[in-house]
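S.K.: Sharing a structure, written as structure tokens. Questions coming.
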């Protein structure tokens, strides 16, 4: 009896192909047909899982967010709020091949959302969740003299900006990590 | 006698057309022909000024940087280091239509540089200059307990990230300005 098709796995396979294309050439000119070719499947198969490119991009974005969360949870163990925050943010930054691919898809999604506001809602929700998590950790650490919401917003923006700078080759990896650590020292006190 | 053609003015006119296209649909699918149509000139005229789209994008990026600098210098008057920094960074953020257009072109350029490293060098140089300016102001303000280079890198990344979040509709303008002001308070002390 043939193995039941794992639809989620299939979708992930296609989203991974989309990520490779995002890294190699950006996503604006990419069609479902290109994704089919990259994944080595038929265009019909892609269309079975995603009716439009927007649907596939939204799925890929969600997949990236889930993977980042899963990796940072796996790395966490019992940890201080500062360690939890640092662990999560290091999983976001494009510091290895996996994370570079993920950042390419996020950047392509952001650039697309900037000209197509209707697809920005998933992004907005995911960013709001991350900000809430960061603010909770700052509160738990009892960081004095800070507005946790503002500080969390600034920290997330800083990491988004570092990711953008790394991906567009403006900045070196070790400098980006050092800038993140300097910010964590400002917010949580010296390590 | 006909007025001598102002070549720089012509280039700016074309770069402005490119910026409008960037805001409306992104830049990846845009050709010199689209820019000619948007500017209301012939494709030949565009080709006279720019041989390639990369050349035009690089010019447009430089133009945006010059305009940001000119606006923040005009706004400066005699000012404290903190006011100089805030003035510059507010000129960078997409807080009105002009700056939104500029941010669209910068974001399109960044997304392009992420998949075409050879055009990233202007960007890298411009970012390095901005970081140096910010570090100089932090030093001039005598901010205690900070590494000015790291703090400047973090501040620029934070503003890049806020710009990205504003443009992709993740975040409200007043929250972005509040997050910037919270960071300035961390770096320079309470206002």
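Protein chains in written order, with our numbering: chain A, 1193 to 1383; chain B, 1193 to 1383.
The C-beta atom is built at its ideal place from N, Cα and C for all residues, glycine as well.
Because the structure is a prediction, the values reported are computed rather than measured.
1. Under 8 Å, Cβ to Cβ, is there at least one residue of chain B near residue 1212/A?
2. Using a Cβ-Cβ distance cut-off of 8 Å, determine whether residue 1383/B contacts chain A.
3. Residue 1352/A: buried (16+ other C-beta within 10 angstroms of its C-beta) or exposed?
4. Would you say residue 1321/B reaches chain A, if we count a Cβ-Cβ gap shorter than 8 Å as a contact?
5. Would a check of beta-carbon distances place residue 1362/A closer than 8 Å to chain B?
6. Here's a check: name, in chain order, each residue in its chain whose Cβ is nearer than 7 Å to the Cβ of residue 1263/B, leaving out the five neighbours to either side.
7. Tell me the DSSP secondary structure of residue 1217/B in three-state form.
8. On a Cα-Cα basis, can you pick out the residue from 1225/B, 1314/B, 1248/B, 1231/B that is closest to residue 1357/A?
9. Short of 8 Å in beta carbon distance, which residues of its chain neighbour residue 1279/B, apart from the five on each side in sequence? Order them along the chain.
10. At the 8 Å Cβ level, is residue 1243/A part of the contact set with chain B, yes or no?
11. Give me the chain B residues within the contact set of residue 1217/A, using Cβ-Cβ distance strictly less than 7 Å, ordered along the chain.
12. So, with DSSP's three-state summary, where would you put residue 1241/B?
13. Please confirm if residue 1207/A has its CB atom under 8 Å from at least one CB of chain B.
14. So with Cβ pairs under 8 Å, would you call residue 1296/B a contact of chain A?
15. Is there a Cβ of chain B sitting closer than 8 Å to that of residue 1220/A, yes or no?
16. By the criterion of Cβ-Cβ separation under 7 Å, what are the contact partners of residue 1357/A in chain B?
17. Assuming residue 1367/B and residue 1345/A form a contact by the criterion Cβ under 8 Å, report the distance between their Cβ atoms to the nearest whole angstrom.
18. Quick check: residue 1318/A and residue 1257/A, are their CB atoms within less than 8 Å of each other?
19. Please decide whether residue 1334/A counts as near chain B, where near means a Cβ-Cβ distance under 8 Å.
20. With 8 Å set as the bound, which would you pick, yes or no: does the beta-carbon of residue 1299/B sit closer than that to a beta-carbon of chain A?
21. Go ahead and label residue 1197/B buried or exposed: buried means 16 or more other beta carbons lie within 10 angstroms of its beta carbon, across all protein chains shown.
22. Tell me the rounded alpha-carbon separation between residue 1236/B and residue 1360/B.
23. Relative to the C-alpha of residue 1252/A, which residue among 1225/A, 1286/A, 1293/A is closest?
24. Which residues in the same chain have their Cβ closer than 7 Å to the Cβ of residue 1329/B, if we skip the five residues on either side of it in sequence?
25. Counting only C-beta atoms, is residue 1375/A closer than 8 Å to chain B at any point?
26. Note down, in chain order, each residue of its chain lying with its Cβ closer than 7 Å to the Cβ of residue 1379/A, except the 5 sequence neighbours on either side.
27. In its own chain, which residues sit with a C-beta less than 6 Å from the C-beta of residue 1207/A, not counting the 5 before and 5 after it?
28. Rounded to whole angstroms, what is the Cα-Cα separation between residue 1365/B and residue 1285/B?
29. Does the beta-carbon of residue 1340/A have 16 or more other beta-carbons within 10 angstroms, so that it is buried, or is it exposed?
30. Could you work out which residue in 1216/B, 1376/B, 1221/B is closest to residue 1327/B when comparing CA atoms only?
31. Our contact map puts residue 1230/A next to residue 1214/A with C-beta atoms below 8 Å; I'd like the distance itself, whole angstroms only.
M.R.: By the coordinates alone:
1. Numbered from its first residue, the first chain carries residue 1212/A at position 20. At least 8 Å separates the CB of residue 1212/A from every CB of chain B.
2. Here residue 1383/B corresponds to residue number 191 of the second chain, with the count starting at 1. Under the 8 Å criterion on CB atoms, residue 1383/B is classed as non-interfacial with respect to chain A.
3. Position 160 of the first chain holds residue 1352/A. Burial state of residue 1352/A is buried, judged by a 10 Å Cβ sphere holding 16 or more other Cβ atoms.
4. Indexing the second chain from 1 puts residue 1321/B at position 129. The Cβ of residue 1321/B sits no closer than 8 Å to any Cβ of chain A.
5. Taking the first chain and counting its residues from 1, the one referred to as residue 1362/A is at position 170. Residue contact check for residue 1362/A against chain B: a CB pair falls below 8 Å.
6. Here residue 1263/B refers to the residue found at position 71 of the second chain. So the list reads 1283, once near-sequence residues are dropped.
7. For this step, residue 1217/B is matched to residue 25 along the second chain. DSSP places residue 1217/B in helix when its eight states are reduced to three.
8. Numbered from its first residue, the first chain carries residue 1357/A at position 165. For residue 1357/A, the nearest C-alpha among the options comes from 1314/B.
9. What you label residue 1279/B is simply residue 87 of the second chain in a count that begins at 1. Only 1264, 1267, 1268, 1271 meet the Cβ criterion.
10. Position 51 of the first chain, counted from the first residue, corresponds to residue 1243/A. Answer no: the Cβ-Cβ gap between residue 1243/A and chain B never drops below 8 Å.
11. Taking the first chain and counting its residues from 1, one reaches residue 1217/A at position 25. Chain B residues near residue 1217/A: 1307.
12. Walking along the second chain from the start, residue 1241/B turns up at place 49. Residue 1241/B falls in the helix class under three-state DSSP.
13. The residue labelled residue 1207/A in the question sits at position 15 within the first chain. Cβ-Cβ to chain B under 8 Å: no for residue 1207/A.
14. Translated into the one-based positions of the second chain, residue 1296/B becomes position 104. Chain A, which has a Cβ nearer than 8 Å to the Cβ of residue 1296/B, makes this yes.
15. Here the question's residue 1220/A lines up with position 28 in the first chain. Answer yes: the Cβ-Cβ gap between residue 1220/A and chain B drops below 8 Å somewhere.
16. Translated into positions along the first chain, residue 1357/A becomes position 165. Those are 1319, 1349, 1352, listed as they occur along chain B.
17. Against the second chain, residue 1367/B aligns to sequence position 175. Against the first chain, residue 1345/A aligns to sequence position 153. The pair is a contact, with the Cβ atoms about 6 Å apart (cut-off 8 Å).
18. For this step, residue 1318/A is matched to residue 126 along the first chain. For this step, residue 1257/A is matched to residue 65 along the first chain. Yes, the pair counts as a contact, with Cβ atoms nearer than the cut-off.
19. Taking the first residue of the first chain as 1, we reach residue 1334/A at position 142. For residue 1334/A, the answer is no, since every Cβ of chain B falls outside 8 Å of its Cβ.
20. What you label residue 1299/B is simply residue 107 of the second chain in a count that begins at 1. Chain A, which has a Cβ nearer than 8 Å to the Cβ of residue 1299/B, makes this yes.
21. In the second chain, counting from the first residue as 1, residue 1197/B sits at position 5. Exposed, by the Cβ-count rule.
22. The residue you call residue 1236/B lines up with position 44 of the second chain. The residue you call residue 1360/B lines up with position 168 of the second chain. Cα to Cα, the separation comes out at about 34 Å.
23. As a position in the first chain, residue 1252/A is number 60, starting the count at 1. The candidate whose alpha carbon is nearest that of residue 1252/A is 1293/A.
24. Indexing the second chain from 1 puts residue 1329/B at position 137. The answer, listed in chain order, is 1273, 1276, 1277.
25. Residue 1375/A sits at position 183 when you count from the first residue of the first chain. At least one CB atom of chain B sits nearer than 8 Å to the CB of residue 1375/A.
26. Looking up residue 1379/A in the first chain gives position 187. If we look at residue 1379/A and ignore the five residues flanking it on each side, its Cβ neighbours are 1330, 1335, 1338, 1343, 1347.
27. Counting from one through the first chain, the residue named residue 1207/A turns up at place 15. If we look at residue 1207/A and ignore the five residues flanking it on each side, its Cβ neighbours are 1251, 1252, 1255.
28. By 1-based counting over the second chain, the position of residue 1365/B is 173. By 1-based counting over the second chain, the position of residue 1285/B is 93. Each residue's alpha carbon lies about 9 Å from the other.
29. Taking the first residue of the first chain as 1, we reach residue 1340/A at position 148. With 16 or more other Cβ atoms within 10 Å, it is buried.
30. By 1-based counting over the second chain, the position of residue 1327/B is 135. Minimum Cα distance to residue 1327/B is reached at 1376/B.
31. Here the question's residue 1230/A lines up with position 38 in the first chain. Here the question's residue 1214/A lines up with position 22 in the first chain. With 8 Å as the limit, residue 1230/A and residue 1214/A do not qualify as a contact, their Cβ atoms being about 10 Å apart.
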